[in-house]
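S.K.: Pasting a structure below so you can have a look.
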Amino acid sequence: MFRHQGKTRTLSHNLRIASLLSFVAGIVNVAGFLAVQKLTTNVTGHFAFFVDEILKLNFWNGFVYFLYIFFFFLGAFVSSYLVELISQKTERNIYVFPTSIEISILFAIGIFGRSLINQNPNIIACSLLFAMGLQNSLVTKISNATVRTTHLTCLFTDLGIELSQLFFYKQTEMKAKLYSSIKLRLTIISFFFIGGIIGGVFYTKIELRVLFIAGVTLIMGLIYDNIKLKIIMLNRKYHH
Numbered sequence: 000m001f002r003h004q005g006k007t008r009t010l011s012h013n014l015r016i017a018s019l020l021s022f023v024a025g026i027v028n029v030a031g032f033l034a035v036q037k038l039t040t041n042v043t044g045h046f047a048f049f050v051d052e053i054l055k056l057n058f059w060n061g062f063v064y065f066l067y068i069f070f071f072f073l074g075a076f077v078s079s080y081l082v083e084l085i086s087q088k089t090e091r092n093i094y095v096f097p098t099s100i101e102i103s104i105l106f107a108i109g110i111f112g113r114s115l116i117n118q119n120p121n122i123i124a125c126s127l128l129f130a131m132g133l134q135n136s137l138v139t140k141i142s143n144a145t146v147r148t149t150h151l152t153c154l155f156t157d158l159g160i161e162l163s164q165l166f167f168y169k170q171t172e173m174k175a176k177l178y179s180s181i182k183l184r185l186t187i188i189s190f191f192f193i194g195g196i197i198g199g200v201f202y203t204k205i206e207l208r209v210l211f212i213a214g215v216t217l218i219m220g221l222i223y224d225n226i227k228l229k230i231i232m233l234n235r236k237y238h239h
């Protein structure tokens, strides 16, 4: 799921990582919005608000929206930098460090979120945007830009294009490729939606501690990948 890159990566790997990370993003999206009334998984809307505040000469508010954009960008940069840095020494487990940072942020906001809402809600928004930048960059790199999990605009655009192409592509091979791509996009949308529902329902009960669910989901993903690796290594050792 995390480990395979390039030619070794299959649709099955992409479906697993898409379902896991889009579920996490769905939780973060809803929990962040309910907590601080800000988008915390993408920056498209923040750019519009940034320009609007600058035109109104509300420079401080404009600067805050710039920070939201910057922290998402910074998360993407840090994730890619760490992957490149670690890959120079080893190809194994290059995804663990960026994912561990994301998990730490989710747990930290879950623990300290209640006090931060009253004292400085922008810390919550910036932290979650940084975490989603980390995630989006990591999954983009791992899947060779096939999987995106933190926002749905491009997904619905691509899904619309591919569904229309089904009426024109007659070759079996091309149709099979389209069906695989459509399945992947529907999986991401579905799990983002499920994560959002769970985030909304549990936020009413436990507030930002709902992010613990997202953090535990990522931990389970890492454990699953580690167990799969050990099984593969044992099988190779046994057959040799």
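One point on numbering: in numbering that gives the first Met the number 0, the residue at position 218 of the sequence shown is 217, and numbering is uninterrupted.
Cβ coordinates follow ideal geometry from the N, Cα and C atoms, glycine included.
A quick note: this is a predicted structure, and the numbers were derived from the prediction, not measured.
1. Starting from F32, follow the alpha helix (DSSP H) in both directions and report where the run begins and ends.
2. Does the beta-carbon distance from A23 to T40 come in below 7 Å?
3. Can you tell me where the alpha helix (DSSP H) with Y94 in it begins and where it stops?
4. Can you find the residues in the same chain that come closer than 6 Å, C-beta to C-beta, to L19, ignoring five residues on each side of it along the sequence?
5. By a C-beta neighbour count over all protein chains shown, 10 Å radius and 16 as the cutoff for buried, is Q134 buried or exposed?
6. Considering only residues of the stretch 37–94, which uninterrupted alpha helix (DSSP H) runs meet the minimum length of 4 residues and lie entirely inside it, listed in chain order?
7. Relative to the alpha-carbon of V82, which residue among G159, S136, Q164 and A175 has its alpha-carbon at the smallest distance?
8. Around the C-beta of S142, are 16 or more other C-beta atoms found within 10 angstroms, so that it is buried, or is it exposed?
9. To the nearest angstrom, how far is it from the Cα of K100 to the Cα of K174?
10. So, using beta-carbon positions, are S126 and I108 closer together than 7 Å?
11. Is there contact here, the stretch 37–51 with the stretch 83–97, by at least three beta-carbon pairs under 8 Å?
12. Tell whether a beta-carbon distance below 7 Å holds between Y202 and A30.
13. Who are the Cβ neighbours of G61 in its own chain at under 7 Å, not counting the five residues just before and after it?
14. Which of the three DSSP states, helix, strand or coil, is assigned to R147?
15. Is L165 helix, strand or coil when you go by DSSP?
16. Keeping to the same chain, check which residues put their C-beta closer than 8 Å to that of Y168; ignore five residues upstream and five downstream.
17. For the stretch 70–88 against the stretch 187–198, do three or more pairs of beta-carbon atoms, one drawn from each stretch, fall closer than 8 Å, so that the two count as touching?
18. Quick one, which of I196, F155 and F65 has its alpha-carbon nearest L128's?
19. CB V138 to CB T152, shorter than 7 Å?
20. Under a Cβ-count criterion, where at least 16 other Cβ atoms within 10 Å of its own Cβ denotes burial, should E162 be classed as buried or exposed?
21. In three-state DSSP terms, what is Q170?
M.R.: Looking at the coordinates:
1. Within the sequence shown, the letter at position 33 stands for residue 32. Unbroken alpha helix (DSSP H) run through F32: L10 to V35.
2. The sequence position of residue 23 within the sequence shown is 24, counting from 1. The sequence position of residue 40 within the sequence shown is 41, counting from 1. Ala is not the amino acid found at residue 23; the sequence shown has Val there. It is not a contact, given that the beta carbons lie outside the stated cut-off.
3. As a working note, residue 94 is residue 95 in the sequence shown. Element bounds for Y94: n/a, residue is neither H nor E.
4. Here residue 19 is taken as the residue at index 20 of the sequence shown, counted from 1. The answer, listed in chain order, is G220.
5. The residue labelled residue 134 in the question sits at position 135 within the sequence shown. It counts as buried.
6. 43–54 and 58–86
7. Your numbering for residue 82 matches position 83 in the sequence shown. Per the Cα distances, S136.
8. Along the sequence shown, one-based indexing puts residue 142 at 143. Classification for S142: buried.
9. Counting from one through the sequence shown, the residue named residue 100 turns up at place 101. Counting from one through the sequence shown, the residue named residue 174 turns up at place 175. Residue identity check: residue 100 is Ile in the sequence provided, not Lys. Rounded to the nearest angstrom, the two C-alpha atoms are 39 Å apart.
10. Reading the sequence shown from its first residue, position 127 is the one you call residue 126. Reading the sequence shown from its first residue, position 109 is the one you call residue 108. In contact: S126 and I108 (Cβ atoms closer than 7 Å).
11. no
12. Within the sequence shown, residue 202 is the residue found at index 203, counting from 1. Within the sequence shown, residue 30 is the residue found at index 31, counting from 1. Going by C-beta atoms, Y202 is nearer than 7 Å to A30.
13. Along the sequence shown, read from residue 1 onward, the residue named residue 61 stands at position 62. Once the five neighbours on either side are set aside, the close Cβ partners of G61 are F49, E52 and I53.
14. The residue given as residue 147 occupies position 148 in the sequence shown. It is coil, neither helix nor strand.
15. Reading the sequence shown from its first residue, position 166 is the one you call residue 165. Looking at L165 - three-state DSSP - the assignment turns out to be coil, as it is neither helix nor strand.
16. Residue numbering aside, residue 168 sits at position 169 when the sequence shown is read from its first letter. If we look at Y168 and ignore the five residues flanking it on each side, its Cβ neighbours are K174 and L177.
17. no
18. Counting from 1 along the sequence shown, the entry for residue 128 is found at position 129. Closest option to L128, Cα to Cα, is F65.
19. Taking the sequence shown and counting its residues from 1, the one referred to as residue 138 is at position 139. Taking the sequence shown and counting its residues from 1, the one referred to as residue 152 is at position 153. Not closer than 7 Å, so no.
20. In the sequence shown, the residue the question calls residue 162 occupies position 163. Strictly speaking, residue 162 in this sequence is Leu, with Glu absent from that position. Exposed is the call here.
21. Position 171 of the sequence shown, counted from the start, is the residue given in the question as residue 170. Coil.
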